[in-house]
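For reference, the structure is listed below as structure tokens.
Rendered as structure tokens:
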């Protein structure tokens, strides 16, 4: 099936089309695959061409947008031209629009009558969420054309109220589809692809896809089978097989925001933490505090850019800085220990590196980052400290910083999972700050 | 002309197509109108059909996405099928990809060789921003087809490096076009549109467009005239007129990243600064340290989430917290003063608020944020402190935090500009940290 999204603003740069992906995702839940979304401006000819192009190969065409009351809204005209029927005023639609204005305590304007126009023979699709009713009609090709309002709130409301029931009663085939997914951290797409091999082939069932965004690799499997439980089992088995390739990098079924996820996990596990950031300059703290309620396990962190700040705020010995420099194993260890001590937290991670573009040397090139990982288990016991060196390619300051922050998040998650859930929070002096969360 | 955007993820709901609107907006600057954007999944046949459909009516077709190394990336195959040419390995492309891996200190994987495939007779379009070179070829219809990488950062980089010059040299008509732009902070689109009035009409020359992204409103004017200097003058005059409407919110001709811009301005003006962040949790520091070289004026900042941390790290009096709470004018002032004192900087901004979703009350609802603004001019003189309250609509934790961080950045910029350039840096004890920047 196909979707036509209409609106000059969708071709102006600032407003991506949200209705096409929304409808594609929702349709997939009903076993219908959207093969193409065509985005056109408010132009009668372009709208008619797009509907014709889709109707020639698809049994169902959804059109959204351009149903407003102003003269530049011409979707009704474009669809009417495509199906070869004149526009007529629909009395039920006039009544619906008048009712909408009455309920809103306003009087219907004359130009809102335009919104009651639809191709002769079309059936109104009521819109309880705005002044623009939709309509369904048949294309000469036999395709069914459904025209819906453009504002996403209205479109989604009408979809739920009017389209879902029709879809449930009109499945396109006897097959059932199910999906499953898994999200990973610290896993490059090429490494994943190499390990997954033929499972990623386009003809495979389950069909497996991969997307990488903001440090998270997400893989999705869609299985097709003759029974719903069989499809669900196939999809989940494929995902389980993929998770088994990289168990230690697995996050969860689905993760939208790495910082919020790790912050949420730290909170759920009751592991209090702090940070000492140099080259990431607050990025790790900002990522983790995007998790609501994280104040239960997070009291403070330190952005220590200058050497003097590392000494004063974190107690890094002056000799460490003069002998090894700020980007060194010794400094990373001292920073993490300092954050652990000052915060009273159970876990502290430090980040110190050369983000670039300046500041690199042969010995310490741009992309070199040291991490310190300090912990105290049980709380009050002797601190343990570990360190890790990473060398990233010098692909720009923003990327080196983001990679370093993501790696720090992965360290926190790993340490907290290894420690396991504890009844922390209550006993943690730095946490629970009413208001600031 | 037409655009084909390729990617299963674009039909999966979460990721709207950003390349189509970007290319449509940029093409308009060169006098070329994008009439249709067709979004298809990673399917060879659908890609070929979409290219064929556009090539039959358009002289120029841009294709983006699906050039990755994995088996589900089949855009090369789809375009090759459309233009009727076999895929061949392009030696220059192999070399380009190998070079990319070498610079990144890695070894090219075998599946990256796929990225060097292009239709016989095609010309490579170099990509300095990732591993996927693009290519241009001719469709049997005579249309020119340009295939570009999908990640927006890469697409926009390649567009600027490779496509703009071609467009400038291949104008579709005898007219000349020139562009000018201006970026603003803290300016809602509706306020701007109200003030700009008829200048924003779609038929106007210069044609004025507006985009809002990450706290920056950017307006662009494209003027069309029969001589290049006349077009340039018209575009610049219109932009000057728009800047004159909001002079105090004007940033620069173009700003991509608000934090990096403000950090760069603070460095340029030689104003040392620090931060005390509660609800933004490090977001302001992370934004500012995205500016290279900012260590010259930035030594440290404080993320004080817990009340106890505000007391210990910033010296906020316990009575302020018990009487007024953490989200209060008194606390914001004390936090800013504390950061000023502890850091020895000339300027310090604090942020304390209710980001939500929990933690709100009738008196202090979600969206309430207090800012403290402390300064010391001249350095070593008496500190001055000011405060501001803002109430944002409770549209989600991420947005409230981002708005608050952007507002803090605007305060820093305003204060630093009011202070003017100084010979700071040398005398600032906290700054200049070799390695950490």
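Protein chains in written order, with the working numbering: chain A, 1 to 437; chain B, 1001 to 1437. Glycine included, C-beta positions come from ideal geometry on N, C-alpha and C. The model shown is predicted, which means the values in this text are computed figures rather than measured ones.
Limits of the unbroken alpha helix (DSSP H) element including residue i
i	result
residue 1179 of chain B	No alpha helix (DSSP H) holds residue 1179 of chain B; the beta strand (DSSP E) holding it covers 1176-1185.
residue 228 of chain A	228-245
residue 1166 of chain B	1164-1169
residue 1386 of chain B	Residue 1386 of chain B -> not in any alpha helix (DSSP H); beta strand (DSSP E) instead, spanning 1383-1391.
residue 358 of chain A	Where residue 358 of chain A is concerned, there is no enclosing alpha helix (DSSP H), given that its DSSP letter is neither H nor E.
residue 89 of chain A	No alpha helix (DSSP H) contains residue 89 of chain A, which is instead part of the beta strand (DSSP E) from 87-89.
residue 1026 of chain B	1019-1029
residue 1190 of chain B	1189-1196
residue 75 of chain A	75-83
Residue i (DSSP reduced to helix, strand or coil)
i	result
residue 421 of chain A	coil
residue 1108 of chain B	coil
residue 1152 of chain B	helix
residue 401 of chain A	helix
residue 1064 of chain B	strand
residue 1114 of chain B	helix
residue 1364 of chain B	coil
residue 1036 of chain B	strand
residue 1285 of chain B	helix
residue 49 of chain A	helix
residue 1137 of chain B	strand
residue 1343 of chain B	helix
residue 16 of chain A	coil
residue 1010 of chain B	helix
Beta-carbon spacing of residue i, residue j below 7 Å
i	j	result
residue 354 of chain A	residue 373 of chain A	no
residue 200 of chain A	residue 1075 of chain B	no
residue 280 of chain A	residue 351 of chain A	yes
residue 48 of chain A	residue 4 of chain A	no
residue 1044 of chain B	residue 1078 of chain B	yes
residue 231 of chain A	residue 177 of chain A	yes
residue 1343 of chain B	residue 1293 of chain B	no
residue 88 of chain A	residue 138 of chain A	no
With 16 other Cβ atoms within 10 Å as the buried cut-off, status of residue i
i	result
residue 175 of chain A	exposed
residue 111 of chain A	exposed
residue 123 of chain A	exposed
residue 83 of chain A	buried
residue 107 of chain A	exposed
residue 1384 of chain B	exposed
residue 109 of chain A	exposed
residue 240 of chain A	exposed
residue 1391 of chain B	exposed
residue 397 of chain A	buried
Beta-carbon proximity list for residue i, same chain, < 7 Å, skipping 5 on both sides
i	result
residue 260 of chain A	290, 291
residue 1158 of chain B	1125, 1127, 1129, 1134, 1148, 1149
residue 1153 of chain B	1129
residue 206 of chain A	221, 222, 223, 234, 235, 238
residue 313 of chain A	302, 304
residue 161 of chain A	128
residue 40 of chain A	4, 6, 46, 47, 50
Residue span of the beta strand (DSSP E) that contains residue i, given as start and end
i	result
residue 1320 of chain B	No beta strand (DSSP E) holds residue 1320 of chain B; the alpha helix (DSSP H) holding it covers 1318-1324.
residue 1004 of chain B	1002-1006
residue 272 of chain A	That residue, residue 272 of chain A, is in no beta strand (DSSP E); it is neither H nor E in DSSP.
residue 223 of chain A	216-225
residue 1306 of chain B	No beta strand (DSSP E) holds residue 1306 of chain B; DSSP gives it neither H nor E.
residue 1124 of chain B	1123-1125
residue 1211 of chain B	1207-1213
residue 252 of chain A	250-252
Cutoff 6 Å; reference residue i; Cβ partners in own chain excluding five residues on either side
i	result
residue 1387 of chain B	1329, 1332, 1333, 1372
residue 54 of chain A	2, 61
residue 72 of chain A	42
residue 243 of chain A	182, 250
residue 1029 of chain B	1179, 1222
Contact set for residue i: own chain, Cβ-Cβ below 8 Å, skip 5 residues either direction
i	result
residue 434 of chain A	Any reading at residue 434 of chain A must be qualified, since the residue scores a pLDDT of 39, below 50, and its modelled position is unreliable; the value itself is stated next. Excluding sequence neighbours, residue 434 of chain A sits near nothing in its chain.
residue 414 of chain A	248
residue 1411 of chain B	1349, 1371, 1373, 1388
Residues that residue i contacts on chain C, provided the C-beta gap is smaller than 7 Å
i	result
residue 1008 of chain B	Absent from the structure: chain C. Protein chains present are A and B.
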